[in-house]
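Residue numbers (our numbering): 4 to 292. All C-beta atoms in this analysis are idealised placements derived from N, C-alpha and C, irrespective of residue type, glycine included. No experiment lies behind these values; they were computed from the predicted model shown.
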Ligand code: NDP
């Protein structure tokens, strides 16, 4: 069997189009231009690329996009002052601090992310937004797992009643993925590095989400025939090549649908960031479009 390819670009363009329409309505009917500010500290090359892509997509969709570049050696206090200023600025609806932070302020990552007003937290990492998601209120949801769910929904792949297995329990992917699947009535198991007999669990999955950061970890014999496989992993192998957490060539022969890497989930993440920016603007202005 050769699986249906779930093309991230195709689904991301649908989400972006829906977001663009909402931005037009916000501008024309309410005189609101959603604003997104990304704060980047230092010169991490991968982060520079991510931030440039976010800025480009924001401008394409008509979002007021701003990038604040701070030097590598910026202090925690200086960064907190920048965030406090953005919290007060009514033109800024979304604030994103690009991770990873430099080593000297990494230990304060939680304090820094929690300094962002929850209604402007377009990454969905603030404990208020985490708590809302865990209690079934999806407001500002982490972009990558939200993108995975939107992809399943847009591709008309049923979730309700299905057995879902999530590999990875990080705060940014695995745990929110669990809540999103559970809220849509899947029966969900979350696995991690201490899970025993992992393959026996993954073989039960109708929907398998891999987010562990290990190249080609999920092999064909770990997948139930006909399963839907969502590969969140982004692993650099060799100089330039990027591969996922799933052995794509082997698993596509077993699964019924599969996301490629690159060109799968990664593309959806930025689309969901803009979706969240528009959502944040609506929350702050108490309007719904
Ligand atoms: P983390 O490193 O934060 O978490 C990895 C998780 O995988 C942990 O829960 C860990 O378990 C688990 N794990 C590690 N090894 C194994 C193993 N052998 N068996 C089972 N579980 C294991 O990673 P992230 O969640 O941040 O990212 C995961 C992947 O997704 C990465 O490749 C990352 O690059 C990618 N990613 C992609 C994004 C996108 O836009 N497409 C966005 C974010 C991430 P434990 O908790 O026990 O340590």
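Query                                                                                                                                                                  : Result
What does residue 34 pair with, by DSSP beta-bridge criteria?                                                                                                          : Beta-bridge pairing links residue 34 to no other residue.
Can you name the start and end residues of the beta strand (DSSP E) that residue 174 belongs to?                                                                       : No beta strand (DSSP E) holds residue 174; DSSP gives it neither H nor E.
In its own chain, which residues sit with a C-beta less than 8 Å from the C-beta of residue 51, not counting the 5 before and 5 after it?                              : 43
Would you check whether the ligand NDP has a heavy atom nearer than 8 Å to the C-beta of residue 269?                                                                  : yes
If you measure from the CB of residue 134, is any heavy atom of the ligand NDP nearer than 8 Å?                                                                        : no
Pick helix, strand or coil for residue 119, following the three-state DSSP scheme.                                                                                     : coil
Using the Cβ count rule (16 or more neighbours within 10 Å means buried), how would you classify residue 78?                                                           : exposed
Measure the CB-CB distance between residue 136 and residue 96 and report whether it falls below 9 Å.                                                                   : no
Start and end of the alpha helix (DSSP H) containing residue 308?                                                                                                      : As displayed, the chain neither begins before 4 nor continues past 292, which places residue 308 out of reach and without an answer.
Give a yes or no on whether the C-beta atoms belonging to residue 36 and residue 65 are separated by under 9 Å.                                                        : yes
Determine the closest residue to residue 243 out of 265, 26, 59, with distance taken between C-alpha atoms.                                                            : 265
DSSP three-state call for residue 6: helix, strand or coil?                                                                                                            : coil
Can you tell me which of 67, 255, 187, 277 puts its alpha carbon nearest to the alpha carbon of residue 92?                                                            : 67
Taking a cut-off of 7 Å, which residues have a beta-carbon closer than that to any heavy atom of the ligand FMN, in chain order?                                       : What this structure holds is the ligand NDP, not the ligand FMN.
I need the DSSP call for residue 126, collapsed to helix, strand or coil.                                                                                              : coil
Is it buried or exposed for residue 149, if we count other Cβ within 10 angstroms and need 16 for buried?                                                              : buried
Between the C-alpha atoms of residue 99 and residue 158, what's the straight-line distance to the nearest angstrom?                                                    : 29 Å
Terminal residues of the continuous beta strand (DSSP E) containing residue 238?                                                                                       : 238-240
Work out the CA separation of residue 167 and residue 189 for me, nearest whole Å.                                                                                     : 6 Å
Any chance the stretch 228-236 sits against the stretch 185-200, with 3 or more Cβ pairs inside 8 Å?                                                                   : no
Go through its chain and collect everything with a Cβ distance to residue 25's Cβ below 7 Å, but skip five positions before and after it.                              : 281, 292
Answer with buried or exposed for residue 262, where buried requires no fewer than 16 other C-beta atoms within 10 angstroms of its C-beta.                            : buried
State the CB to CB distance for the pair residue 231 and residue 206, rounded to an integer number of angstroms; the pair is presumed to be in contact (CB under 8 Å). : About 14 Å; that fails the 8 Å criterion.
Could you check the C-alpha separation between residue 8 and residue 131 for me, to the nearest Å?                                                                     : 36 Å
Can you tell me the Cα-Cα spacing of residue 163 and residue 82, whole angstroms?                                                                                      : 43 Å
Can you tell me whether residue 183 is buried or exposed? The criterion is at least 16 other CB atoms within 10 Å of its CB, across all chains shown.                  : buried
Where do the N-terminal and C-terminal ends of the alpha helix (DSSP H) with residue 78 fall, by residue?                                                              : First-last for residue 78: undefined, no H or E at that position.
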